[in-house]
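Protein chains in written order, with the numbering used here: chain B, 1 to 526; chain X, 1 to 231.
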């Protein structure tokens, strides 16, 4: 990359700078001439009037750019001295002896002074620039360290490119044809249009696919392009492309070298991000694995218990038909009934888990009306527990929440069942739905004995940590399933003991859709 | 009642078949059993049952296929029995002309209630009687006057809301699918977008029910449709 960058070293100078330098040169020359004339007139110095012009040449070299003005100024000086101050006065005569030597000396001196001052100036500018860039780089790497998403990394990179180059910048993550992230920061609004033009986009894609710098930097005249595109790439992997669009269509070599350093910072950050994401993924996998094994353990225990009861009861009924009195008979039957019902509930819970995609642990969501879901859950739970009371309240406003209806019903049923069975009281259970900003909040509250404070934090972990396993059976699975379902909906679920005694379970679902569209289309029907 | 109705159970699981048979016999219904789809299709023309209890998961023919065959020549009421979670199956069966559905596992009381409703509807259709009034709990609908009252207080419904309520009331006890209602209200070419219907229904609930989250009159069968209570 650097080879062809070197060719770019020539700097185009704008006409205004040239004019300004010309003006300065002439002014200094005039001042020097008038000073010399005055001095000669006052007879202060007569012999060495060259000294005045040498000073003028030196000053000109310092305050103008390049060598040309110093040289011009020295030529002017020689002519002026010849014209004004040597015999014959006010006439040009180069035939005097030793004149070429004087002329050559003056010229040489002006060139030397120019060269020296130019170098000093360049060094000063360069060091200032480098200092600024080094500072920028440190700032950038600090900023990148705190970036925790890919988007943020690209944003920071963009920002620093913009700041340090004072040009419009575009950044693509992934192939610019179909980028994962595309961000602009532009000086002028039309620059965005330029970046989006097919020609520029093609250059960006080229930079990405060929993994080399494309655009102005290669051949500005022929390609008729405006931007320069630098791939964000480490040795073998191209992450994306940075595009720069300079105000004056020219680019400094230094900018490119510096861009490389900045890009390497970006790559470091991107790679760190990738590693972190991988680690996150592994953690998630582990979490899932843990949940699965917890579930299996809980299931095998929780299913075996009622099955044993059913088997035992039926065997007793079969073998001891004559010996059993009516009360025992009814008792055994109601036990079987109860256990069977419980098994059905369990199977439904397990079925619901299979609906959650195993790949990304997400569900297919559809817009549902909250009160319908609540009503169905409550009516189903009341079928099983006809003697309990549930006080339901929903907001007057119609809440539409994207969700998988059967799964959310399952969550509500599990929470309500826990509240009825495990609270140890027959006081009514409260189910309240409310809306806060863009979230629907469901709370199931009971007024029973509450949750063991030591278990509040781990209650969703799927451990049926009951003292007597049978008394609390199902609590573990039910709640861990609730958590799985709510997480798959990008929601939150938590439990706490409230002030009035008793437990309250709350889950929150994000609401994205609003009703406006529905109402509009409704009007066309009514 | 002199003669109880004859019911055909199409079910491949013997224990389930046994338990339903016992339940129905105890209520003095005449009971027939078919173990698979073919058997059912051959039995129906010869025995002419008053009602068919059709399991959707049959070993030979799909329950849906049996229903299609059946509906091509008879309007005998059919109650579909399905496993929970097969919302699409249920809706398809209802849209194909099944009268109602019941979800496994079900209680006997629920089953009997569904059977009663289906039988009553079929007789009322055959006899051609139309009611002028619908009364359930506090809700009263006067069809000729298009008047809806709750506890003798008039409820103001929009045109479309009244249509929905009266439609549900006329088939009270039976579930009507979203598509059913939309076709009935807006014609067969209307967009099958149940969101509009559901918003209308939410408004109706706010007018009819004391607590929209604990309805008394119109129940939602999530993913399927709506059902008006019967008694």
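Here a beta-carbon is modelled for each residue, glycine too, at the ideal position from N, C-alpha and C.
Buried/exposed call for residue i, threshold 16 Cβ in 10 Å
i, result
"residue 88 of chain B", "exposed"
"residue 165 of chain B", "buried"
"residue 177 of chain X", "buried"
"residue 286 of chain B", "exposed"
"residue 1 of chain X", "Only weak support exists for where residue 1 of chain X lies, its pLDDT of 43 falling under 50; the coordinates are left without a value."
"residue 113 of chain B", "buried"
"residue 411 of chain B", "buried"
"residue 189 of chain X", "exposed"
"residue 20 of chain B", "exposed"
"residue 507 of chain B", "buried"
"residue 345 of chain B", "buried"
"residue 208 of chain X", "buried"
"residue 306 of chain B", "buried"
"residue 471 of chain B", "Confidence at residue 471 of chain B is low in this model, with a pLDDT of 45, below 50, so its placement is unreliable and the value that follows should be read with caution. Burial call: exposed."
"residue 173 of chain B", "buried"
"residue 120 of chain B", "exposed"
"residue 193 of chain B", "exposed"
"residue 458 of chain B", "exposed"
Contacting residues, own chain, Cβ-Cβ under 7 Å from residue i (five flanking each side not counted)
i, result
"residue 81 of chain B", "49, 50, 53"
"residue 56 of chain B", "28, 29, 32, 73, 77"
"residue 49 of chain X", "6, 7, 8, 32, 76"
"residue 60 of chain X", "36, 37, 38"
"residue 110 of chain B", "57, 61, 70, 71, 73, 74"
"residue 309 of chain B", "335, 339"
"residue 159 of chain B", "185"
"residue 395 of chain B", "433, 434, 435"
Beta-carbon spacing of residue i, residue j below 8 Å
i, j, result
"residue 398 of chain B", "residue 369 of chain B", "yes"
"residue 211 of chain X", "residue 363 of chain B", "no"
"residue 222 of chain X", "residue 409 of chain B", "yes"
"residue 179 of chain X", "residue 95 of chain X", "yes"
"residue 220 of chain X", "residue 375 of chain B", "yes"
"residue 181 of chain B", "residue 201 of chain B", "no"
"residue 590 of chain B", "residue 153 of chain B", "A query on residue 590 of chain B cannot be resolved here, the shown segment of chain B reaching from 1 to 526 and no further."
"residue 172 of chain X", "residue 134 of chain X", "yes"
"residue 224 of chain X", "residue 91 of chain X", "yes"
"residue 56 of chain X", "residue 82 of chain X", "yes"
"residue 503 of chain B", "residue 441 of chain B", "no"
"residue 418 of chain B", "residue 478 of chain B", "yes"
"residue 204 of chain X", "residue 167 of chain X", "no"
"residue 17 of chain B", "residue 65 of chain B", "yes"
"residue 174 of chain X", "residue 116 of chain X", "no"
"residue 481 of chain B", "residue 429 of chain B", "no"
"residue 78 of chain X", "residue 70 of chain X", "yes"
"residue 67 of chain X", "residue 98 of chain X", "yes"
Contact set for residue i: own chain, Cβ-Cβ below 6 Å, skip 5 residues either direction
i, result
"residue 156 of chain B", "143, 144, 147"
"residue 187 of chain X", "none"
"residue 259 of chain B", "230"
"residue 18 of chain X", "none"
"residue 207 of chain B", "214, 229, 231, 241"
"residue 313 of chain B", "332, 335, 336"
"residue 151 of chain X", "138"
Local conformation of residue i per DSSP, three classes
i, result
"residue 172 of chain B", "strand"
"residue 67 of chain B", "coil"
"residue 71 of chain X", "helix"
"residue 9 of chain X", "strand"
"residue 40 of chain B", "helix"
"residue 507 of chain B", "strand"
"residue 423 of chain B", "coil"
"residue 339 of chain B", "helix"
"residue 20 of chain B", "helix"
"residue 206 of chain B", "helix"
"residue 231 of chain B", "strand"
Cutoff 8 Å; reference residue i; Cβ partners in own chain excluding five residues on either side
i, result
"residue 365 of chain B", "402, 403, 404, 489"
"residue 79 of chain B", "92"
"residue 179 of chain B", "172, 173, 240"
Inset, instruction - Jot down the residue ranges of each uninterrupted alpha helix (DSSP H) in the segment 93-135 of chain B, minimum 4 residues, whole runs only, in chain order. - result: Listed in chain order, nothing qualifies, since the segment 93-135 of chain B has no complete alpha helix (DSSP H) run of 4 or more residues.
Legend entry - Contained beta strand (DSSP E) runs [length at least 3] in the segment 39-98 of chain X, N- to C-terminal order: Counting only runs of at least 3 residues, the segment 39-98 of chain X fully encloses the following beta strand (DSSP E) elements, listed from N- to C-terminal order: 51-55, 78-83.
Inset, instruction - Identify every run of the beta strand (DSSP E) within the segment 136-201 of chain B, keeping only runs that are complete inside it and at least 3 residues long; order them along the chain. - result: Runs of the beta strand (DSSP E) lying entirely within the segment 136-201 of chain B, each at least 3 residues long, are 168-173, 181-185 in chain order.
Legend entry - Continuous beta strand (DSSP E) assignments of at least 3 residues falling wholly in the segment 131-211 of chain X: For the segment 131-211 of chain X, whole beta strand (DSSP E) runs of length 3 or above, ordered along the chain, are 133-136, 139-142, 147-150, 175-177.
Legend entry - Length at least 4, wholly inside the segment 285-349 of chain B: the alpha helix (DSSP H) runs in chain order: Fully contained in the segment 285-349 of chain B is no alpha helix (DSSP H) run of length 4 or more.
Inset, instruction - Within the segment 385-436 of chain B, note down every full beta strand (DSSP E) run reaching 3 residues or more, in order along the chain. - result: Listed in chain order, the beta strand (DSSP E) elements of length 3 or more contained wholly in the segment 385-436 of chain B are 390-393, 400-403, 429-436.
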